[in-house]
Amino acid sequence: EDALKAKPIYLNRFQRDPANVEHFNTAVDVTVQSHQLAALRPLIDLFQAKMTRNERNLAALARAYNYLGDYANKEKVYEEMTTLIPNDPVPWYDLAKAQMRLKKPNAAATSLLQSLTLYSKAGTNNQYDIPAFTRTNAIMAPLRERPEIQKLLNPKED
C-alpha cells in the first residue's frame with residue numbers, strides 16, 4: 028500500500044536513472060501492483076536502451092517480460108544470458124521453460140539437456156536443483172518423456 032502511494036517517486040527515480048536495475052525493479056513492482064501492465068512496456072524499453080548487458084540486468088528484464096507473458100522476448104533475453112554465462116545451468120533451464128511456453132519442444136529439449144548436463148558436472152556449485160525443478164514443473168512434463176532427458180534425471184548408479 029505504501030509503495031503504491033509512493034509510486035510517482037519510484038517512477039521518477041527510474042526516469043532520472045533508467046540504467047539503474049534497482050530503480051527499474053521497483054518501478055516494475057509498483058506498476059504491477061497498481062494493475063497497470065500496459066505501462067510496463069515503456070519502462071522495459073527505456074531500461075533495455077540504457078542498461079549494461081549483464082546477468083543481473085538481463086534477469087530483471089526477463090522478470091518484467093514474464094509479467095507481460097511476453098515469452099518471445101523472454102526467450103531472447105535468456106539466449107543472451109546463456110551466451111554471457113554459458114556454464115551456468117539456470118539460464119539454460121529458464122530458456123527451456125520460455126521455449127516450452129512458445130511451443131518449441133525441440134529447442135526446449137536442447138536447452139534443458141544443456142542445463143541438466145551442466146548441473147551434473149562434478150564440482151559445480153548449484154543453488155538451484157534443476158533436476159527437481161524439471162521433475163515437478165508442469166510445463167516440463169512433455170520433456171521428461173524424452174530418453175535423453177530421462178538419462179540425466181535418473182542417472183544409473185555405478
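Per my numbering, the sequence shown starts with residue 28, numbered consecutively. Ideal Cβ positions, reconstructed from N, Cα and C, are used throughout, including at glycine.
Please work out which residues of its chain come closer than 7 Å, Cβ to Cβ, to N9, disregarding the five sequence neighbours upstream and downstream, and give them in chain order. Past the edges of the chain, shown from 28 to 185, lies residue 9, and the structure says nothing about it.
State yes or no: is the C-beta of I166 within less than 7 Å of the C-beta of S142? With a cutoff of 7 Å on beta-carbon distance, I166 and S142 are scored as not near each other.
Simplified DSSP state of M167, which is helix, strand or coil: M167: helix per DSSP, three-state reduction.
Anyone know if the C-beta pair for L98 and D121 falls short of 7 Å? Here the sequence assigns Tyr to residue 98, which means Leu is not the residue at that position. No. Outside cutoff.
Exposure of S14, with buried meaning 16 or more beta-carbon neighbours within 10 Å: Residue 14 is absent from the model: the chain starts at 28 and stops at 185.
Which of helix, strand or coil DSSP assigns to A76: Secondary structure of A76 (DSSP, three-state): helix.
Grab me the residues of M108's own chain with a C-beta within less than 6 Å of its C-beta, minus the 5 sequence neighbours each way, in chain order. L85, P118.
Contact set for N39: own chain, Cβ-Cβ below 7 Å, skip 5 residues either direction: Cβ neighbours of N39 within its own chain (closer than 7 Å, five residues either side excluded): none.
Inter-residue spacing [alpha-carbon to alpha-carbon] between M78 and K103: Computed Cα separation, rounded: 16 Å.
DSSP state of E172 mapped onto helix, strand, coil: In the structure shown, E172 sits in coil (DSSP, three-state: anything other than H, G, I, E or B).
Go through its chain and collect everything with a Cβ distance to L140's Cβ below 8 Å, but skip five positions before and after it. Non-local C-beta neighbours of L140 in its own chain, meaning closer than 8 Å and more than five positions away in sequence, comprise E175, I176, L179, ordered along the chain.
Exposed or buried, what is I36 when buried is set at 16 or more other beta-carbons lying within 10 Å of its beta-carbon? A residue is called buried once 16 or more other Cβ atoms fall within 10 Å of its Cβ, and I36, having fewer, is exposed.
For the alpha helix (DSSP H) that contains S147, what are its first and last residues? Segment 132-147, the alpha helix (DSSP H) holding S147.
Span of the alpha helix (DSSP H) around P116: 116-128 is the span of the alpha helix (DSSP H), which, as asked, contains P116.
Status (buried if at least 16 other CB within 10 Å, exposed otherwise) for N52: Buried, because 16 or more other Cβ atoms sit within 10 Å of the Cβ of N52.
Skipping 5 residues on each side, what residues in its chain have a beta carbon closer than 8 Å to that of A33? Once the five neighbours on either side are set aside, the close Cβ partners of A33 are V57.
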